[in-house]
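One structure below.
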Amino acid sequence: MEKGTILVTGGAGFIGSHTAVELIEAGYRVVIVDDLSNSQESVIEAIAEITHTPVDFYEVDCTDKEALNELFFKHKFNAVIHFAAFKAVGESVENPLMYYHNNLLSLINILELMVEHEVMNIVFSSSATVYGEPDELPVTEATPTKPAHSPYGKTKQMAEDIIRDSARAYPGLRAILLRYFNPFGAHPSGLIGELPRGVPNNLVPFITQTAVGIRKELSIFGGDYHTPDGSAIRDYIDVVDLAQAHVVAMERMRSGVGKSACEVFNIGTGQGLSVLELVHQFERATGVKVPYRVVERRAGDVEQIWADTSLAANELGWKATRSTDQTLRAAWAWEKHLRGVK
Ligand code: UDP
């Protein structure tokens with residue numbers, strides 16, 4: 000039984016592609032738009048291969064409202080999941096206008112078209128970055144947000160405000176904001192995973208690239224944080240678990256359950272791991288050594304953050320299910336597959 004058609008923007012990206020798979024497997028029809036600025040068209044074929052379902056794909060930039068409008072006429076969407084955005088923190092500092100233009104205009108276009116075409120449900124990719132350096136740990140959805148350190152982070156905060164105000168103003172519009180912690184891993188099929196361009200910014204792809212020999216050593220940014228081993232602490236969430244959170248969010252909107260027009264959920268494991276712990280856990284899980292060196296802190300990094308996930312558990316019935324070891328092994332299998340290593 001088909002449950003409805005969902006527009007997935009940024010569906011060729013890391014989280015978007017894994018979510019598209021979970022949605023199709025849960026019985027939704029998926030239409031992907033992606034401008035391929037940070038992804039590859041082969042991902043669309045991989046989604047079709049995993050799900051044995053042809054996927055509707057349009058190479059469209061969400062800042063192009065006319066092109067999007069045509070798709071809203073062509074398909075009767077029941078909901079939108081909006082992933083499409085730029086996400087490199089450092090780049091956003093160097094080129095803030097590019098980030099504000101792309102991330103905010105895309106969102107505004109989507110919301111305007113949703114209202115015009117009466118598509119009343121949106122799930123938005125938010126981020127733990129909205130909490131800044133939190134005063135309390137773990138962070139709950141009620142923990143006050145702090146001014147973000149980067150234009151990228153600010154676009155996530157502004158996007159949340161834009162969606163919240165819209166859900167308040169336009170009758171019937173419903174939104175779920177998912178604040179992702181640190182996604183990692185790959186699909187168990189080995190057909191999709193993270194595809195960083197150039198030198199990876201994120202920790203896990205840097206670890207796997209070092210393990211496979213593309214990078215000489217991992218730099219651990221900061222060894223003097225006020226944490227047990229001095230390295231920074233994050234909450235690393237399996238990308239398939241994270242993708243499944245979107246399916247349950249969609250089910251919640253479909254069934255009309257919900258406490259307000261705009262709801263927010265933390266999507267993490269509830270467990271904080273330090274950079275050093277993660278590296279050592281990777282070494283144990285895979286049996287592969289990762290040469291590393293502790294260097295200066297990276298500008299803009301927070302010291303420690305992990306999620307209180309009880310709201311997602313209680314309201315969505317969602318919890319992370321995969322172990323860190325399992326996900327590290329999936330990330331490693333994906334890296335080896337990319338490099339043709341056995
Ligand atoms: N990190 C690191 N070396 C790297 C990349 C990241 O030590 O090459 C650290 C980074 O300083 C942070 C953690 O790993 O403490 C997670 O960083 P990532 O960029 O993956 O995600 P973020 O939490 O910044 O969104």
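For what it's worth, numbering that gives the first Met the number 0 labels the leading residue of the sequence shown as 0, then goes sequentially.
Every residue, glycine too, gets a C-beta built ideally from N, C-alpha and C.
Cβ pair count under 8 angstroms reaching 3, the stretch 237–244 against the stretch 173–185: yes
DSSP three-state assignment for H51, whether helix, strand or coil: Working through the sequence shown from its first residue, we reach residue 51 at position 52. Coil, per DSSP.
For the structure I just gave you, are there three or more beta carbon pairs, one from the stretch 20–32 and one from the stretch 119–131, closer than 8 angstroms? no
Among T226, L6, K335, nearest to E69 - alpha-carbon criterion: Here residue 69 refers to the residue found at position 70 when the sequence shown is read from its first residue. Considering only alpha carbons, the answer is L6.
Anticipated Cβ contact below 8 angstroms, S105 with A87, distance rounded: Indexing the sequence shown from 1 puts residue 105 at position 106. Indexing the sequence shown from 1 puts residue 87 at position 88. Not a contact, Cβ separation roughly 16 angstroms.
List the whole-angstrom C-beta distance separating T226 from E302, where the pair is believed to meet the contact cut-off of C-beta under 8 angstroms. Walking along the sequence shown from the start, residue 226 turns up at place 227. Walking along the sequence shown from the start, residue 302 turns up at place 303. Correct: roughly 7 angstroms between the Cβ atoms.
F72 CB to nearest heavy atom of the ligand UDP below 7 angstroms: If you number the sequence shown from 1, residue 72 lands on position 73. F72: no, Cβ never under 7 angstroms from the ligand UDP.
Cβ pair count under 8 angstroms reaching 3, the stretch 217–234 against the stretch 146–161: no
Does the beta-carbon distance from V198 to E334 come in below 8 angstroms? Here residue 198 refers to the residue found at position 199 of the sequence shown. Here residue 334 refers to the residue found at position 335 of the sequence shown. The answer is no: Cβ separation not under 8 angstroms.
Compute every distance between the C-beta of A231 and the non-hydrogen atoms of the ligand UDP, then say whether any falls below 7 angstroms. Within the sequence shown, numbered from 1, the residue matching residue 231 stands at position 232. Checking every heavy atom of the ligand UDP against the Cβ of A231, one is found closer than 7 angstroms.
Which residues DSSP lists as bridging E58, in chain order: Locating residue 58 in the sequence shown gives position 59, counting from the first residue. Per DSSP, D33.
Residues near R214 by beta carbon distance below 6 angstroms, same chain, minus five either side: As a position in the sequence shown, residue 214 is number 215, starting the count at 1. Taken in chain order, the residues that qualify are Q208.
Can you tell me the Cβ-Cβ gap for A260 and L172, rounded? I've got them flagged as a contact below 8 angstroms. In the sequence shown, residue 260 corresponds to position 261, counting from 1. In the sequence shown, residue 172 corresponds to position 173, counting from 1. Rounded, the Cβ-Cβ distance is 6 angstroms, consistent with contact.
Comparing alpha-carbon positions, which option in H279, I304, K318, N313 lies nearest E135? As a working note, residue 135 is residue 136 in the sequence shown. E135 has its Cα closest to that of I304, out of H279, I304, K318, N313.
Would you check if the stretch 199–206 and the stretch 49–61 touch, i.e. whether three or more CB-CB distances between them fall below 8 angstroms? no
First and last residue of the uninterrupted alpha helix (DSSP H) at F72: Along the sequence shown, one-based indexing puts residue 72 at 73. It spans 64–73 - the alpha helix (DSSP H) in which F72 sits, taken as one unbroken run.
Y224 (DSSP reduced to helix, strand or coil): What you label residue 224 is simply residue 225 of the sequence shown in a count that begins at 1. The answer is coil: DSSP assigns Y224 none of H, G, I, E or B.
Taking its Cβ as the centre, do 16 or more other Cβ atoms sit within 10 Å of F123, making it buried, or is it exposed? Within the sequence shown, residue 123 is the residue found at index 124, counting from 1. Buried, because 16 or more other Cβ atoms sit within 10 Å of the Cβ of F123.
State yes or no: is the C-beta of H74 within less than 8 angstroms of the C-beta of V32? The residue you call residue 74 lines up with position 75 of the sequence shown. The residue you call residue 32 lines up with position 33 of the sequence shown. Taking 8 angstroms as the Cβ cut-off, H74 and V32 do not qualify as a contacting pair.
Selection from A66, D164, D55 that minimises the alpha carbon distance to N108: Within the sequence shown, residue 108 is the residue found at index 109, counting from 1. Of the listed residues, the one whose Cα sits closest to N108 is A66.
When you compare the CB positions of L219 and V293, do they come within less than 8 angstroms of one another, or not? Numbered from 1 along the sequence shown, position 220 holds the residue referred to as residue 219. Numbered from 1 along the sequence shown, position 294 holds the residue referred to as residue 293. Note on residue identity: the sequence assigns Ile, not Leu, to residue 219. Going by C-beta atoms, I219 is nearer than 8 angstroms to V293.
How far does the beta strand (DSSP E) with E24 in it extend, from its first residue to its last? In the sequence shown, the residue the question calls residue 24 occupies position 25. E24 -> not in any beta strand (DSSP E); alpha helix (DSSP H) instead, spanning 13–24.
Residue from E140, F56, Q280, L110 with nearest C-alpha to F180: Here residue 180 refers to the residue found at position 181 of the sequence shown. Measuring from the Cα of F180, the nearest candidate turns out to be E140.
Check whether the Cβ atoms of S346 and K145 sit closer than 8 angstroms, and answer yes or no. This structure does not reach residue 346, given that the chain is present from 0 up to 341, and the question cannot be answered.
Report buried or exposed for L277, applying the criterion of at least 16 other Cβ atoms within 10 angstroms of its Cβ. Residue 277 sits at position 278 when you count from the first residue of the sequence shown. The residue in question, L277, is buried, as its Cβ has 16 or more Cβ neighbours within 10 Å.
Reference V138, options D324, N313, T308, R338, closest by Cα: Here residue 138 is taken as the residue at index 139 of the sequence shown, counted from 1. Looking at the Cα atoms, T308 is the closest of the given residues.
What is the residue span of the alpha helix (DSSP H) that D237 lies within? Sequence index remark: in the sequence shown, residue 237 carries index 238 (1-based). That residue, D237, is in no alpha helix (DSSP H); its beta strand (DSSP E) goes 235–237.
Going by DSSP in three states, T323 sits in which element: helix, strand or coil? Residue 323 sits at position 324 when you count from the first residue of the sequence shown. Helix.
Taking just the CA atoms, how far does T52 sit from L194? On the sequence shown, position 195 is the one that residue 194 refers to. On the sequence shown, position 53 is the one that residue 52 refers to. Each residue's alpha carbon lies about 23 angstroms from the other.
Under 8 angstroms between C-beta atoms of Q270 and D324: Position 271 of the sequence shown, counting from 1, holds the residue named residue 270. Position 325 of the sequence shown, counting from 1, holds the residue named residue 324. Contact: no.
Just to confirm the assignment, what range does the alpha helix (DSSP H) spanning A94 have? What you label residue 94 is simply residue 95 of the sequence shown in a count that begins at 1. A quick correction: the sequence has Asn, not Ala, at residue 94. Premise fails: N94 is in no alpha helix (DSSP H) and is neither H nor E.
Among the residues of its own chain, which have a CB less than 6 angstroms from the CB of P95, if the five just before and after it don't count? The residue labelled residue 95 in the question sits at position 96 within the sequence shown. Same-chain partners within the cutoff: P150.
What I want to know is whether the C-beta of D237 ends up closer than 7 angstroms to one or more non-hydrogen atoms of the ligand UDP. Along the sequence shown, one-based indexing puts residue 237 at 238. Every heavy atom of the ligand UDP is 7 angstroms or more from the Cβ of D237, so no.
If you reduce the DSSP assignment to three classes, tell me which class Y151 lands in. Within the sequence shown, the letter at position 152 stands for residue 151. Y151: helix per DSSP, three-state reduction.
With DSSP run on the structure shown, which of helix, strand or coil describes T209? What you label residue 209 is simply residue 210 of the sequence shown in a count that begins at 1. Helix, per DSSP.
Go to R297, then tell me how far its alpha helix (DSSP H) extends in each direction, as first and last residue. Translated into the one-based positions of the sequence shown, residue 297 becomes position 298. Note, R297: premise wrong, no alpha helix (DSSP H); not H, not E.
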